[in-house]
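First up is the structure itself, then whatever we jot down about it.
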Amino acid sequence: MADELGLLRVMEHRQMVFLVLASYGRLEDIRIVYSIQPALDQCKKFFDRHKKISMAATIGGKNIKDTSTAAGHVKNSRVRYTAAICDADAAKIHRVPVVLSPVADKEENFTTFYVYEKRGPGESQGSVAQG
């Protein structure tokens, strides 16, 4: 797709993600966990061990756009039976206590960002895309 748009990938950045379970409740209180679908998928063993906890990748019928949004939702709702699977930094930023850490099946977890450049006559533009 980048080629079709005349874009050239000029840089790649890998950001380590450390997934945690953040909530105002205790683990035994939690019944629903919010996050983006890829993060929920990366925590299958957690959900296998905690059958009473369901997953939600939407809030109000809209897909959750990032794990920080999930942490923000938990912060704003302040309901003890809700939690977010989010990066540890997102939990800290939103001041939602970490209940369990780590929760991902694999500890090596990265989000990759790519920087693209489009060259036109005498101009150079950069943009960032998450992959």
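When the letters of the sequence shown are read in order and numbered with this note's numbering, they come out as residues 1 to 131. Ideal Cβ placement from N, Cα and C applies to all residues, glycine included.
- Rounded to whole angstroms, the separation of the alpha carbons of A39 and L19 is 8 Å.
- Contact between T67 and S23 fails: their C-beta atoms lie close to 14 Å from each other, not under 8 Å.
- In this structure, the beta-carbon distance from Q42 to F110 does not fall below 8 Å.
- Look at S35 here: in three-state DSSP terms it is coil, with no helix or strand label.
- D87 counts as buried, since no fewer than 16 other beta carbons sit within 10 angstroms of its beta carbon.
- Here M16 is bridged, per DSSP, to F110.
- Straight across, the Cα-Cα distance linking A84 with G60 is about 15 Å.
- When secondary structure is reduced to three states using DSSP, E28 falls in the helix class.
- A residue is called buried when at least 16 other Cβ atoms come within 10 angstroms of its Cβ; A2 does not meet this threshold and is exposed.
- V10 has its alpha-carbon roughly 16 Å from the corresponding atom of E4.
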